[in-house]
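J.:
In the numbering used here, the protein residues as written are 542 to 574.
1) Nearest to residue 572 by alpha carbon, out of 543, 542, 553?
2) What would DSSP say about residue 548, mapped onto helix, strand or coil?
3) For residue 554, which of helix, strand or coil comes out of DSSP?
4) Tell me the rounded alpha-carbon separation between residue 543 and residue 555.
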């Protein structure tokens, strides 16, 4: 599944992104930094 994570550089966003990638999902991360 393709997933868009906003706030990907933050604490929750980064942990969520790692978990989704481990699950085999495609992650697109967006942050303002």
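Ideal placement from N, C-alpha and C gives every residue a C-beta, glycine not left out. Quick caveat, the model's predicted, so the values are computed rather than measured.
T.: According to the structure shown:
1) The residue among 543, 542, 553 with its C-alpha nearest the C-alpha of residue 572 is 553.
2) coil
3) helix
4) 16 Å
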